[in-house]
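Student:
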Amino acid sequence: MRVYPDIENFKITAIYSSTIGLFPWKFMFQDNQVLQQTYRYYSYFIYGSFVIFIITAYVELIIMLNGDVLKMDAICSNICLTLAFTCSALRATVMRVGPNLLKIIEQVMHAEKNPASIEDQTSFNLERKSIKTMRKLSHLYAVAITMIASSKCALAPFEKGEIVHIGNTTIIDRPLIMSAWVPFNKNTHYWAAYIIQIYFAALGAWHVAYVDMFMFNMLGYPIGQLKKLHYYIKNITTLTRNDDSLEEFKNVIRQHQQIISYVKFYNDSMGTFAIFEFLQSSVQIASIFIQTSPSDMNLGQFGFIGGFFIGMLFRLFLYYYTANEVMTESEKVGVSVWESDWYEQPTNLKMALLTVMMRGQRPLYYKIGGFGLMSVQSIVAILKATYTYLTVVVRNN
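Under my numbering, think of the first position of the sequence shown as 126, with each following residue one higher.
1) Could you check whether L351 and E244 sit closer than 8 angstroms to each other, using their CB atoms as the reference points?
2) List the whole-angstrom C-beta distance separating N376 from A241, where the pair is believed to meet the contact cut-off of C-beta under 8 angstroms.
3) Does the contact criterion of 3 or more C-beta pairs under 8 angstroms hold for the segment 397 to 404 versus the segment 188 to 196?
4) Which residues in the same chain have their Cβ closer than 7 angstroms to the Cβ of A267, if we skip the five residues on either side of it in sequence?
5) What does a CB cutoff of less than 8 angstroms around L515 pick up in its chain, not counting 5 residues either side in sequence?
6) For L404 and I507, I'd like the C-alpha separation in whole angstroms.
7) Do the segment 482 to 492 and the segment 456 to 463 touch if we need at least three Cβ pairs shorter than 8 angstroms?
8) Assuming A281 and L301 make a contact with CB atoms under 8 angstroms, what is their CB distance in whole Å?
9) Quick one: residues in its chain with C-beta nearer than 8 angstroms to the C-beta of E469, no 5 flanking neighbours on either side, listed in chain order?
10) Under 8 angstroms, do F433 and I323 count as touching if we go by C-beta distance?
11) T218 and N342 look like a contact to me (Cβ under 8 angstroms); what is the Cβ gap, rounded to whole Å?
12) Kindly identify the DSSP beta-bridge partner or partners of K492.
13) Would the beta-carbon of N239 fall within 8 angstroms of that of L371?
14) Can you find the residues in the same chain that come closer than 6 angstroms, C-beta to C-beta, to A448, ignoring five residues on each side of it along the sequence?
15) Please confirm if the segment 255 to 266 is in contact with the segment 438 to 448, defined as three or more CB-CB distances below 8 angstroms between the two stretches.
16) Is it the case that the Cβ atoms of I230 and F154 are separated by a distance below 8 angstroms?
17) Among residues of its own chain, excluding the 5 on either side of S255, which ones have a beta-carbon nearer than 8 angstroms to its beta-carbon?
18) May I have the straight-line CA-CA distance separating H381 from K277, to the nearest angstrom?
19) On the three-state DSSP scale, how would you describe D298?
20) Would you mind working out which of V451, A477 and Y315 sits nearest F283, comparing C-alpha positions?
21) Do you know whose CA, among R221, A330, T247 and A318, lies nearest S275's CA?
22) By the DSSP assignment, the alpha helix (DSSP H) with A317 in it spans what residues?
23) Kindly indicate the opening and closing residues of the alpha helix (DSSP H) around A274.
24) May I ask which residues mark the beginning and end of the alpha helix (DSSP H) holding V460?
25) Among the residues of its own chain, which have a CB less than 6 angstroms from the CB of Q502, if the five just before and after it don't count?
26) Classify E287 as helix, strand or coil using the three-state DSSP reduction.
27) Count the other C-beta atoms from every protein chain shown that fall within 10 angstroms of the C-beta of M340, then say buried if there are 16 or more, exposed otherwise.
28) Give the straight-line distance between the Cα atoms of S214 and V451, rounded to the nearest whole angstrom.
29) Going by the CB atoms, is the gap between K457 and H355 shorter than 8 angstroms?
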């Protein structure tokens, strides 16, 4: 029985994301309708649980903002995680609603099943190398997020509680894993609240890791395709037959068109939410540094904050460096034409190569909505915005 679809580029994504019901149910258990429907309703349950958890986090944030004393450490701690979960929930919603994700997966599956007629072992290996790189980065990111979440869950019961005076009564407000509202007294029923939060913490960490992993692999898909395209163009003479070289090269042109349409469709369907991703990243990093002072920080808090900050930087690197690589590889298309033996080709093939070169003059890029491009420069812009937020908060305090 086949569980996952035949799609090498998104295979690791399908395995991870299916554990939280994120991978589209229409592609799962295609040989067994009962299991497919079971997976479908499982995905609804997990998604509903995640949304409920985010709502409780916002309820707790509203309660803290309306308190007699604003506890900036607690508020920033809430914002730090809630923004990450909200961003993941928005992306998960976009993936679940509408046909956009289905079309992207179908396009990749079609490209894998119908390779160019001139594909050989070398071009196949180029694509496999790109896939392996994305898989290694995906594994590394998933492990990093899991370790950060696990350490927070393990250390929470041992952290020092805050002494709170309510009238003539003094209580110790014991910290939980996350700042989220529960419908009972969390100090009286601490372990019940703790067990509930372990479930929600796992749910939140998995959504952050696996949604991001899905995005990384979708962003990085054109890299392997563009590298194959460079190889085809540079070796056009050895890969084509003289009597049918133009027809075979048309397959290369169609592949280039498919890459262009893939990036365009991604921008149209996912580009708007890149704006929220860009804005929340700077606020989230700023909230990490605001939530506690070095004098009050214990070893557990220092480890979590340090790990969370490194995880955020790694996440930004994967997003924006991957997008930057697509732009860089697309700019090399014209160079590949120049490095080929185009001057030895017949006139009609020269014209086809010229067409590819002209298309290569316009680099492919992923958009941050209508405000800019995803590149390594975007990381610098996010860190600059983080510094601005920190400066404003410090001055107001």
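Even glycine gets a Cβ: it sits at the ideal position worked out from N, Cα and C.
Tutor: This is what the structure gives:
1) no
2) 4 angstroms
3) no
4) Y141, A334 and M338
5) A411, F414 and I415
6) 8 angstroms
7) yes
8) 6 angstroms
9) T362
10) no
11) Their Cβ separation, rounded to whole angstroms, is 19 angstroms, which puts T218 and N342 out of contact at 8 angstroms.
12) L498
13) no
14) L344, Y491 and M499
15) yes
16) no
17) G345, I348, G349 and K352
18) 46 angstroms
19) strand
20) Y315
21) A330
22) Y315 to K359
23) Q246 to L280
24) V458 to E464
25) none
26) strand
27) buried
28) Going by the sequence as given, residue 214 is Ala instead of Ser. If I take the Cα positions, the gap works out to 26 angstroms.
29) yes
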